[in-house]
Amino acid sequence: MNRISIKRSLAGVGTAAAALVVLGTAAPTAAQSAETAEINFRTPFECNQEWNANTRANHNPQNSVDFQRADADGQPVLASADGTVSRVEDLGGESYGKFIVIEHADGWTTWYAHLSAQDVQEGDAVKTGDPIGKVGNTGGSTGPHLHYEQRSGSSVERVVLNGVAIKYYGDTPITSSTGC
Ligand SMILES: [Zn+2]
Numbered sequence: 000m001n002r003i004s005i006k007r008s009l010a011g012v013g014t015a016a017a018a019l020v021v022l023g024t025a026a027p028t029a030a031q032s033a034e035t036a037e038i039n040f041r042t043p044f045e046c047n048q049e050w051n052a053n054t055r056a057n058h059n060p061q062n063s064v065d066f067q068r069a070d071a072d073g074q075p076v077l078a079s080a081d082g083t084v085s086r087v088e089d090l091g092g093e094s095y096g097k098f099i100v101i102e103h104a105d106g107w108t109t110w111y112a113h114l115s116a117q118d119v120q121e122g123d124a125v126k127t128g129d130p131i132g133k134v135g136n137t138g139g140s141t142g143p144h145l146h147y148e149q150r151s152g153s154s155v156e157r158v159v160l161n162g163v164a165i166k167y168y169g170d171t172p173i174t175s176s177t178g179c
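All letters in the sequence shown, in the order written, are residues 0 to 179 by numbering that gives the first Met the number 0.
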């Protein structure tokens with residue numbers, strides 16, 4: 000976890016490549032980790048809901064997560080962290096379909112795709128756990144699920160929820176504690 004935290008704190012900085020080389024020779028310490036301004040991204044679902052977080056090598060873009068459950072269709076999708084809604088778009092039957100992007104601190108964004116409903120507008124300020132839309136099957140999707148991304152700038156990063164990195168690649172059962 001420390002290594003992930005440090006990498007994230009450097010993402011988007013022009014000297015990231017050089018700095019990461021340094022990290023390869025010195026294990027990050029707890030103190031270094033504590034100094035970074037981390038965003039505690041939370042599972043984008045209601046308290047105590049159980050979901051499967053699926054990751055796979057051929058997922059586009061890589062490092063995206065598909066959240067699945069039997070009755071996924073129409074479940075509320077919540078903001079993973081405080082931020083501002085920057086995109087509310089509909090790509091029709093292609094790609095993300097109906098999707099939402101939220102801008103967070105330090106150049107981070109979260110992406111929510113294949114939605115059946117978009118319940119926010121561009122420019123809206125949201126808090127962690129605020130409902131933003133509903134799970135659906137729009138765009139290039141073959142069944143109701145939430146396609147979810149955490150990006151630093153244009154880089155799609157491996158997803159960390161509530162401080163825990165989910166498994167790559169495979170299935171991770173997750174019980175949401177958001178809003179509990
Ligand atoms: Zn997906």
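All C-beta atoms, glycine included, are put in the ideal place defined by N, C-alpha and C.
In this text, all values refer to a predicted model and were calculated from it rather than measured experimentally.
Alpha-carbon spacing of residue i relative to residue j, whole angstroms
i    : j    : result
N53  : F66  : 6 angstroms
L145 : S63  : 10 angstroms
A164 : V158 : 6 angstroms
R68  : D105 : 32 angstroms
N59  : E148 : 10 angstroms
G135 : H113 : 5 angstroms
Q120 : G169 : 34 angstroms
Q61  : S153 : 12 angstroms
K97  : Q74  : 15 angstroms
N47  : N39  : 18 angstroms
V125 : E37  : 18 angstroms
CB contact flag (residue i, residue j, <8 angstroms)
i    : j    : result
Y111 : P43  : yes
S115 : T137 : yes
G139 : V84  : no
G162 : V76  : no
T177 : T127 : yes
P130 : D72  : no
S79  : T108 : no
E45  : S175 : yes
Q117 : V87  : yes
D89  : H103 : no
The beta strand (DSSP E) enclosing residue i, as first and last residue numbers
i    : result
L90  : That residue, L90, is in no beta strand (DSSP E); it is neither H nor E in DSSP.
A52  : E49 to T54
P172 : G169 to T174
T108 : W107 to L114
K97  : K97 to E102
K126 : K126 -> no beta strand (DSSP E), and no H or E assigned at all.
H146 : L145 to S151
V134 : Looking at the DSSP string, V134 is not in any beta strand (DSSP E), and its letter there is neither H nor E.
V64  : V64 to Q67
Contact with chain D by residue i, beta-carbon distance below 8 angstroms
i    : result
D118 : No chain D is part of this structure, which consists of one protein chain only.
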